[in-house]
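First up is the structure itself, then whatever we jot down about it.
Numbering (this note's numbering), first residue to last: 192 to 561.
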């Protein structure tokens, strides 16, 4: 199972590096505003075939995820929220909630140095109390939304496949289309934006003699309006100090040393690569600390089919004794409509004292509300 997982991921990474036409990460947008709200639900029922009620299983998992990333030349902020509730007839119901928020102010609109302040909250059925901390510090880096250029590339690829274009649009024309898509809010109507995009495409001299037809215009409209599709690039690195107002272990007013890094990259509209990491701990950082690292990879196989893989690593160290948790997930997402999806997922998890990896296969339904 694990060998198949890593082989699939390697093949996808290799495929994403082939056929790069326009460097998406060179696109610069004055405004980055990305948001996602996902609800997912999974249910499992097992009836013991030997009639032992104690071995009957019925449980449900409700998961809510919200992410918002906003960035301008002067300031930016990010918000994330994740809540998971497990209800089971066998075990006691469990829940966990994680919420983070940061505000940053750039020293100059032309530079990437910034000062930031933020807060973090943690809650779990296994905690003695809620965890709450505030932090502030300095950092460097920016993120940019390259979705407009990714949409322009997808429009170009579609028109070439259908034969509406005799060759791919020049990179400059794709950049111009991206600028217009990125400025959609400045148009009085979608029809005005479509007219401009159509003029750019037909002005390239690469359109077939009959011109763009109704189906071409319809698909261009769909690409432009697609809300569940986003791509972004960039990175940031920050360090600071924090205060733990409440600690899950019961301690109060601990001074914390904190740090975090984020990296996002995309090579084609089909790919999104993301690395996130953070650490925190008191003054004796080597003896007591927490480290979290997430590596994610999304591959858009088709407009209705997406494959995503992720690796999560978490380490908590108390009295110089580390406790590690490793998690691998592979999800195949089928989207029959824009706002709902069916997900087939495989997850592998290893915790301390496990004699082998825990493997779960799950079928769930998701709804995108933003």
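Idealized CB from N, CA, C, for every residue including glycine.
Using the rule of at least 16 other Cβ atoms within 10 Å of the residue's Cβ for burial, across every protein chain shown, is residue i buried or exposed?
i	result
residue 177	Here the chain comprises residues numbered 192 to 561, so residue 177 is not present and cannot be evaluated.
residue 209	In this prediction, residue 209 has a pLDDT of 38, which is less than 50 and means its spatial position is unreliable; what the coordinates show is noted afterwards. Exposed, by the Cβ-count rule.
residue 405	exposed
residue 158	Nothing can be reported for residue 158: it is not among the residues displayed for the chain, which extend from 192 to 561.
residue 550	exposed
residue 495	exposed
residue 515	exposed
residue 492	exposed
residue 337	buried
residue 195	With a pLDDT of 40 at residue 195, under the threshold of 50, the modelled position of this residue cannot be trusted, and the question is left open.
residue 530	exposed
residue 497	buried
residue 490	buried
residue 197	Low per-residue confidence applies at residue 197: pLDDT is 43, beneath 50, and the placement is therefore not dependable, though the value from the model is reported in the following sentence. Burial call: exposed.
residue 352	exposed
residue 510	exposed
residue 476	exposed
residue 390	exposed
residue 264	exposed
residue 376	exposed
residue 297	buried
residue 544	exposed
Please determine, among the options, the residue with the shortest C-alpha to C-alpha distance to residue i.
i	options	result
residue 350	380, 298, 414	414
residue 162	457, 278, 536	Nothing about residue 162 can be read from this structure; the chain reaches only from 192 to 561.
residue 307	215, 276, 437, 449	449
residue 275	546, 437, 473, 289	289
residue 284	532, 376, 316, 451	316
residue 333	510, 222, 479, 518	222
residue 522	488, 411, 286	488
residue 542	555, 552, 519, 525	519
residue 295	286, 505, 305	305
residue 482	506, 476, 475	506
residue 480	445, 532, 457, 452	445
residue 300	331, 292, 277	331
residue 218	554, 544, 457, 528	457
residue 277	310, 234, 309, 319	234
residue 429	436, 416, 453	453
residue 215	378, 362, 309	362
residue 528	422, 417, 421, 365	417
residue 437	258, 220, 310	310
residue 226	259, 321, 534	259
residue 354	421, 319, 376, 400	400
residue 451	321, 484, 373	484
residue 220	319, 339, 230	339
DSSP puts residue i in a beta bridge; with which residues?
i	result
residue 513	508
residue 332	427
residue 449	431, 471
residue 313	289, 322
residue 524	497, 534
residue 563	Nothing about residue 563 can be read from this structure; the chain reaches only from 192 to 561.
residue 414	The partner list for residue 414 (beta bridge, DSSP) is empty, contrary to what the question assumes.
residue 399	None; residue 399 has no bridge partner.
residue 270	259, 292
residue 232	253, 556
residue 227	258
residue 540	518, 549
residue 375	Residue 375 pairs with nothing; no bridge assigned.
residue 297	305
residue 284	None, per the DSSP bridge assignment.
residue 487	465, 501
residue 456	464
residue 362	Looking at the DSSP assignment, residue 362 forms no beta bridge with any residue, so it has no partner.
Can the beta-carbon of residue i be found less than 9 Å from the beta-carbon of residue j?
i	j	result
residue 312	residue 329	no
residue 408	residue 360	no
residue 327	residue 433	yes
residue 256	residue 228	yes
residue 266	residue 253	no
residue 540	residue 517	yes
residue 455	residue 419	no
residue 403	residue 357	no
residue 302	residue 262	no
residue 473	residue 345	no
residue 478	residue 508	yes
residue 271	residue 314	no
residue 381	residue 412	yes
residue 524	residue 538	no
residue 395	residue 364	yes
residue 251	residue 269	no
residue 471	residue 447	yes
Heavy atom of the ligand HEM less than 8 Å from the Cβ of residue i, yes or no?
i	result
residue 489	The ligand HEM is absent from the structure shown, which contains no ligands of any kind.
Can you check whether the C-beta of residue i is within less than 9 Å of a C-beta belonging to chain D?
i	result
residue 540	In the displayed structure, chain D is absent; only one protein chain is listed.
Just checking, does the region 362-380 make contact with the region 455-464 on the three C-beta pairs under 8 Å criterion?
no
Is it the case that the region 372-386 contacts the region 493-512, given that we only count it when at least three CB pairs across the two stretches are under 8 Å?
no
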